[in-house]
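Beneath this line is the structure, given in structure tokens, with notes to follow.
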Amino acid sequence: DIDLEKAKASIVELSKLMRYILYEGSKPTIPLDLETEFLRQYIDLMRMRFSDSVKIDVNLPESTPGIDIPPLLFVSFVENAFKHGVSYEKKSFIDVSMAVQGGSVVFHCANSRHDTRMEEKSGIGMGNVRRRLKLLYGSDFTLKIDETSDIYDILVVIPTVCKVITDNK
Numbered sequence: 001d002i003d004l005e006k007a008k009a010s011i012v013e014l015s016k017l018m019r020y021i022l023y024e025g026s027k028p029t030i031p032l033d034l035e036t037e038f039l040r041q042y043i044d045l046m047r048m049r050f051s052d053s054v055k056i057d058v059n060l061p062e063s064t065p066g067i068d069i070p071p072l073l074f075v076s077f078v079e080n081a082f083k084h085g086v087s088y089e090k091k092s093f094i095d096v097s098m099a100v101q102g103g104s105v106v107f108h109c110a111n112s113r114h115d116t117r118m119e120e121k122s123g124i125g126m127g128n129v130r131r132r133l134k135l136l137y138g139s140d141f142t143l144k145i146d147e148t149s150d151i152y153d154i155l156v157v158i159p160t161v162c163k164v165i166t167d168n169k
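First residue of the sequence shown: 1, per my numbering; consecutive thereafter.
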């Protein structure tokens with residue numbers, strides 16, 4: 001309502017996200033470069049929403065040739081960070097990073113914690129992510145969640161070689 005140009009830009013960014021979900025989301029694997037670009041676009045859209053009220057640090061690799069992962073693997077963590085980690089009354093932060101180290105993709109997301117609903121554990125998102133990682137990687141992954149009263153911290157480590165099981169009927 002206030003900034004027409006910002007509204008137009010946000011619609012363009014949202015359309016890019018929707019296009020990615022529609023065309024890449026159903027594939028068994030995609031290049032990690034596409035996933036990191038999707039995360040950047042999602043975070044940029046959220047930056048428009050929160051402007052300077054939230055300290056957002058992002059450190060994603062610029063190029064990761066030859067590494068494929070299942071699509072939309074990390075966005076749940078970033079979405080939860082914005083959903084539960086932002087307060088208009090208190091200082092808030094979100095830190096997102098990813099690196100390729102040896103034979104692993106290491107993803108880290110930390111955020112301030114203001115939303116008391118997180119204590120209820122009523123959401124299904126983290127349970128679904130955990131089940132998805134188990135289906136995709138068996139026991140060959142790490143999902144570590146550290147919670148304190150004011151910080152929510154997630155570490156995900158997956159192999160750079162994805163062994164996605166596909167149904168060949």
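For glycine and all other residues, C-beta sits at the position ideal for the given N, C-alpha and C.
Note that the structure is a prediction, hence the values are computed from the model and not measured.
A straight line joining the alpha-carbon of isoleucine 43 with that of isoleucine 124 spans about 22 Å.
Under DSSP, proline 159 takes part in a beta bridge, and its partners are Ser104. With a cut-off of 8 Å on Cβ pairs, the segment 90 to 99 is not in contact with the segment 131 to 138, counting fewer than three such pairs.
Between glycine 66 and proline 31, the alpha-carbon positions lie close to 7 Å from each other.
Taking a cut-off of 8 Å for Cβ pairs, the segment 151 to 163 and the segment 53 to 72 touch, as three or more such pairs fall below it.
Only residues of its own chain outside the window of five on either side were considered, and among them Phe82 have a CB closer than 7 Å to the CB of methionine 46, listed in chain order. When secondary structure is reduced to three states using DSSP, glutamate 13 falls in the helix class. In the DSSP annotation of this structure, the continuous segment of the beta strand (DSSP E) that includes valine 58 starts and ends at 54 to 59. Boundaries of the beta strand (DSSP E) harbouring aspartate 146: 142 to 147, taken from the DSSP string.
Spatial neighbours of lysine 55 in its own chain (CB-CB distance under 8 Å, excluding positions within 5 residues in sequence) are listed in chain order as Lys91, Ser92, Phe93 and Ile94.
Just so you know, the alpha carbons of methionine 98 and cysteine 109 end up roughly 9 Å apart.
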